[in-house]
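Notes follow once the structure below has been shown.
Residue numbers (the numbering used here), protein chains in the order written: chain A, 1 to 341; chain B, 1 to 299.
Here is the structure:
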């Protein structure tokens, strides 16, 4: 097993009373090992991000934590209950916002929430008050009695978040909560999520493949090929990339890469038509690079490391290479067009 | 903000009393059933549309086939009117058409599960902290109620067909319709719980529902048919719903011995209506068990 390459080892050591804890969590589908021994511990009240490309095992992990899939090996507890042995106890304490829409479009917003309140055993006398409060939180109170089929993708997502919170869960799982939403709606969704954490103290566990979204999390686990390759705060992870990142566009990247290695001792990574190198002081090295490389340099820039750089360094490939698979595009279309049937 | 002020700590269900778990079960059944009815009511165009096919059968078969057979249709194997009575083919086929409406709407109603699976709502139900048997029961009752209502709706055509229905007959029909609808809806849930895509839908339609419909005695009497068909029709559960419907519906306007002569026989014995409905109830519960078991299975 590859040990995660970060200072904060993902174990419960150092975390009192973890609300989610997984040890060696593994899931096989036939010959395919989708999740290979995931260890993690999530603190109560934190926003925990699960970052990785499609097919990395994010949804499979979430489905195991939510008791929708049984682990092939390993174990996990959520809110103090074992996902394998006590699935009903776990289910009563979690909320879920699925990657794909899961509202009944023929019912109204209020009816969707009513259905949820009943199956989660929200006491009868609290139902209508809580439904109203949830609708107000996501600013859908004025559309409460319209059928969901008339809602835009962003409105549906907001309603799903309201629904996920209706039964006051301890943990809210969100699988790609902002996929396919426009930037403004994404900001709104993030606003609601932060308020939820602040006001209800709920723990948020979310998967994403948007780097800027991962930055919003308290801690991130980077998952690739079914394994957690790093876990820590965004700042900790970025510190894994030493100093600055210099991005270089040249007319002959192959030759430039050789020269960078031979003359500067720098290991370049090719990513999206540019070479990237890690240096201690970006501003100082740029003039030397331009002067000493024999291939013409088209563009050069230095920046502080981003999670993109961390991901590239740890996995050897960029997350966005795989960011828009066919399924993903379909999902985005589905959301954008309001999932008309 | 009044919601979500604090994290609520609930007792575990192991510590909950049996009666509160039973209440939870009942609530889950009721809300799954309620959702189906709400959707049924929202989709009034579908209710009207689903009446078109039975009407077509009634008019086309009743008028077309009826006139070529002749006015006085004798169901006793063509050997002359039994008990000195006779009915037109339209009257004969009318209960069969009601049964058809129940058959298709019960199975399709239950198979909306497959639709839910495709569009995600099933996940919302399956991840909820409720007994999955309650989901199967609620779905079965939802499909059954819809189908029964569809069947009852067709009773308004009775005067046009020339069948007299008193209040007692309507009540008896409602009971028989519900039992038939329950059995078929449970079968639909059992099928749908194992079906992951809509692809299988057409196969179920062509290779299961159509044969079940044709072999059930809905369009022709099951007396005097070839042996192979006689055997298959006795295996077909729909037969045991079709026959009570016909005998109850026509019981008011025709003499008892004649109605008796329409009945389905097993080893030359006419089965009592109660026994036929009993067979359906047993079949329905077996199917419900199958459906609940596959819902309870976790991947």
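Glycine residues also receive a C-beta, built at the ideal position from the N, C-alpha and C atoms.
Bear in mind that the values here come from a model prediction, so they are computed numbers and not experimental data.
Check: Per-residue DSSP class, three states only, for residue 116/A; Outcome: helix
Check: N-terminal and C-terminal residue of the beta strand (DSSP E) that residue 73/A is part of; Outcome: 73-78
Check: Proximity test, Cβ basis, 8 Å: residue 192/A and chain B; Outcome: no
Check: Test: residue 231/B CB closer than 8 Å to a CB of chain A; Outcome: no
Check: Neighbour list for residue 251/B in chain A, Cβ cutoff strictly below 7 Å; Outcome: Chain A residues near residue 251/B: none, gap ~40 Å exceeds 7 Å.
Check: Residue 97/A beta carbon less than 8 Å from that of residue 164/A; Outcome: yes
Check: Which residues DSSP lists as bridging residue 206/A, in chain order; Outcome: 49/A, 174/A
Check: Exposure of residue 206/B, with buried meaning 16 or more beta-carbon neighbours within 10 Å; Outcome: exposed
Check: Contacting positions in the stretch 118-133 of chain A - beta carbon closer than 8 Å to chain B; Outcome: 118, 119, 120, 121, 129, 130, 133
Check: Distance between residue 266/B and residue 234/B (C-alpha atoms, nearest Å); Outcome: 8 Å
Check: Alpha-carbon spacing of residue 191/A relative to residue 216/A, whole angstroms; Outcome: 11 Å
Check: Closer than 7 Å at the beta carbon, the chain A residues around residue 129/B; Outcome: 88, 91, 92, 120
Check: 8 Å Cβ cut-off: residues of chain B touching residue 152/A; Outcome: Neighbours of residue 152/A on chain B: none; closest Cβ ~17 Å, over 8 Å.
Check: Chain A contacts made by the stretch 24-46 of chain B, where a contact means CB separation under 9 Å; Outcome: 24, 27, 28, 30, 31, 32, 34, 35, 38, 39, 42, 43
Check: C-beta neighbour in chain B for residue 8/A, strict 8 Å; Outcome: Low confidence applies to residue 8/A: its pLDDT is 43, below 50, so where it sits in the model is not reliable, and the reading given next is rough at best. Residue 8/A does not count as touching chain B.
Check: Beta carbon of residue 113/B nearer than 8 Å to that of residue 172/B; Outcome: no
Check: C-beta neighbour in chain A for residue 124/B, strict 8 Å; Outcome: yes
Check: Selected residue, minimal CA-CA separation from residue 97/B, among 152/B, 144/B, 118/B; Outcome: 152/B
Check: For residue 169/A, the nearest candidate out of 107/A, 45/A, 294/A, 288/A (CA to CA); Outcome: 45/A
Check: Proximity below 8 Å, CB of residue 288/A to CB of residue 247/A; Outcome: no
Check: Cβ pair residue 105/B, residue 45/B closer than 8 Å; Outcome: no
Check: Residue 174/B, enclosing alpha helix (DSSP H) - first and last residue; Outcome: 167-192
Check: Any C-beta of chain B under 8 Å from that of residue 176/A; Outcome: no
Check: Segments assigned alpha helix (DSSP H), at least 4 residues, entirely inside the stretch 247-273 of chain B; Outcome: 256-262
Check: Helix, strand or coil at residue 32/A according to DSSP, with G and I counted as helix; Outcome: strand
Check: Sub-8 Å separation of residue 231/A and residue 219/A beta-carbons; Outcome: yes
Check: Residues that residue 232/A bridges to, as DSSP identifies them; Outcome: 220/A
Check: 7 Å Cβ shell around residue 164/B - same chain, five flanking residues per side excluded; Outcome: 252, 253
Check: Closer than 8 Å to chain A by CB, residue 121/B; Outcome: yes
Check: Closer than 7 Å: residue 253/A CB and nearest the ligand ADP heavy atom; Outcome: The ligand ADP is absent from the structure shown, which contains no ligands of any kind.
Check: C-alpha distance - residue 101/A paired with residue 208/B, whole-angstrom precision; Outcome: 32 Å
Check: Rounded straight-line distance, which links the Cα of residue 51/B to that of residue 77/B; Outcome: Low per-residue confidence applies at residue 77/B: pLDDT is 44, beneath 50, and the placement is therefore not dependable enough to give any value.
Check: Cut-off 7 Å between Cβ atoms - residues of its own chain near residue 342/A, not counting five sequence neighbours on either side; Outcome: Any property of residue 342/A remains undetermined from this structure, which presents chain A solely from 1 to 341.
Check: Cut-off 6 Å between Cβ atoms - residues of its own chain near residue 84/B, not counting five sequence neighbours on either side; Outcome: Because the pLDDT of residue 84/B is 47, which lies under 50, any placement of that residue in the model is unreliable, and the question is left without a value.
Check: Through-space distance from residue 134/A to residue 158/A, alpha-carbon basis; Outcome: 10 Å
Check: Residue from 193/A, 38/A, 309/A, 183/A with nearest C-alpha to residue 274/A; Outcome: 309/A
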